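For reference, the structure is listed below as structure tokens.
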Amino acid sequence: MNAPHQPARPAAYVTLGQQRYRVKHVSHAALSGITDVSVFDDRIVVLRRQAPELVTLARDGSLLNHSVDLPQFVCGHGLRTIDDGLLAASDMDGHKIVLLDARMNEVARLHCNERPALGRPFNHPCDCARGPDARYYVADGYGNSAVHIFDSDLRHLKSFGQAGTGPGEFSTPHSLIFDSRGRLCVADRENNRIQQFDAEGNWLGQIDGLHKPMALALCSDGTLLVSDQTPRLSAYDPNGQLIGRCRSFSTYAHGLAVQQDGTIVMAEMAPDRVTLLVPAP
Numbered sequence: 001m002n003a004p005h006q007p008a009r010p011a012a013y014v015t016l017g018q019q020r021y022r023v024k025h026v027s028h029a030a031l032s033g034i035t036d037v038s039v040f041d042d043r044i045v046v047l048r049r050q051a052p053e054l055v056t057l058a059r060d061g062s063l064l065n066h067s068v069d070l071p072q073f074v075c076g077h078g079l080r081t082i083d084d085g086l087l088a089a090s091d092m093d094g095h096k097i098v099l100l101d102a103r104m105n106e107v108a109r110l111h112c113n114e115r116p117a118l119g120r121p122f123n124h125p126c127d128c129a130r131g132p133d134a135r136y137y138v139a140d141g142y143g144n145s146a147v148h149i150f151d152s153d154l155r156h157l158k159s160f161g162q163a164g165t166g167p168g169e170f171s172t173p174h175s176l177i178f179d180s181r182g183r184l185c186v187a188d189r190e191n192n193r194i195q196q197f198d199a200e201g202n203w204l205g206q207i208d209g210l211h212k213p214m215a216l217a218l219c220s221d222g223t224l225l226v227s228d229q230t231p232r233l234s235a236y237d238p239n240g241q242l243i244g245r246c247r248s249f250s251t252y253a254h255g256l257a258v259q260q261d262g263t264i265v266m267a268e269m270a271p272d273r274v275t276l277l278v279p280a281p
């Protein structure tokens, strides 16, 4: 006797602001240990905490036959596209930021000669972004509670922040990005907020109402996306006003990226997978 036909489960949908999205999960053994994602050279690049550290997916989430070992890494944490030909990968326990070209080859690094220290670069860094001024900003978030600024030639210029709960102080600066108004937004995780700074590290304001914010990404229309450990994904307009919220689908989304067509990509942990939020009518 033939087994009864099992009807297909309905697609899941979420909405952020005025946009509805179809939810698509991508699960594969190659995504175990996932920690972050970035959209790079028309691909999704996944960073893992084990070899091979870099795994590539097509825009639709299908696994591509290409992966890259980072033998210089101890334990990866953050991955961010700096421009069309440059990726910044954060080695949390190797205390460095490695810049990779389009072929995933190292072209430069920010490091401390494997001498981590309290109060200076680096001490378990989490994320790296480049500002409109072409300078590099590093969230040094696990051993330090600081953001470090480097010039375009990778020379350390200054640092700001210290452990605490006041304006300009941090618990774990876990992710950072420049928003559409040129403000540096820092996910201050255990302080349950996003802090906003100018390019010199002067405090401008903050977004509250979050539970341990994890990752930040920016949409083309200036919408700021924030994942947290509720678990959920929140969307804020350029004025910092909450305009949409949905849940994420694993324990939390540890990384975020946005494709050119508006598809939101989440690096979800426990269970480990990539989740796509695909714009839908």
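Residues in the sequence shown are numbered from 1 upward in steps of one, following my numbering.
Don't be surprised by glycine CBs; every beta carbon is placed ideally from N, CA and C.
Since we're looking at a predicted model, the values are computed, not measured.
C-beta contact flag for residue i and residue j at 7 Å
| i | j | result |
| --- | --- | --- |
| I194 | R130 | no |
| A253 | L216 | no |
| D140 | F160 | no |
| L16 | A267 | no |
| C126 | H77 | yes |
| V302 | D91 | This structure cannot settle anything about residue 302, because the visible part of the chain is limited to 1 through 281. |
| L276 | K24 | yes |
| V45 | T35 | no |
| V37 | G61 | no |
| G143 | H124 | yes |
| H28 | L64 | no |
| L176 | Y136 | no |
Best match in the options for proximity to residue i [C-alpha to C-alpha]
| i | options | result |
| --- | --- | --- |
| D69 | R273, G85, R103, Q196 | R103 |
| Q259 | N239, D237, D221 | D221 |
| M214 | G201, L233, T56 | L233 |
| L87 | H95, H66, R109 | R109 |
| N113 | H124, K96, L100 | K96 |
| E169 | N239, G201, K24 | G201 |
| V98 | D84, R115, R80 | R80 |
| D272 | S250, H111, A280, S180 | S250 |
| P279 | A146, Y13, L118 | Y13 |
| P167 | G33, I207, L157, H156 | I207 |
| H330 | H156, E190, Q196 | Residue 330 lies beyond the residue range present for the chain, which begins at 1 and ends at 281; the question has no answer from this structure. |
| G164 | S145, L64, R181 | S145 |
| L204 | I264, P71, R183, I177 | R183 |
| C219 | Q196, F197, V265, G209 | V265 |
| S171 | L154, C185, R155, N192 | N192 |
| D179 | F150, L63, T223 | T223 |
| P238 | V138, P281, G209, C185 | C185 |
| R120 | D133, I243, V147 | V147 |
| H66 | A30, A89, Q72, L242 | A30 |
| L154 | R181, P132, D261, H111 | H111 |
| R59 | G209, N105, G262 | G262 |
| G209 | D198, R245, R181 | R245 |
| D198 | Q241, I243, I149, L242 | I149 |
Strand pairing of residue i, partner residues [DSSP]
| i | result |
| --- | --- |
| C246 | L233 |
| G76 | D91 |
| V39 | I44 |
| D188 | P173, R193 |
| D228 | R232 |
| S62 | Beta-bridge pairing links S62 to no other residue. |
| D140 | A146 |
| R20 | T15, A280 |
Local Cβ density within 10 Å of residue i, reported as buried at 16 or more and exposed below that
| i | result |
| --- | --- |
| Q284 | The structure shown has nothing for residue 284, since the chain only spans 1 to 281. |
| G94 | buried |
| L54 | buried |
| P173 | buried |
| A116 | It should be noted that the sequence gives Pro, not Ala, for residue 116. It counts as buried. |
| S248 | buried |
| Q196 | buried |
| A134 | exposed |
| A270 | exposed |
| L100 | buried |
Inter-stretch contact (C-beta, 8 Å, three-pair minimum) for the stretch 218-228 and the stretch 50-70: no
Touch test, the stretch 36-45 against the stretch 6-24, Cβ-Cβ under 8 Å, three pairs minimum: no
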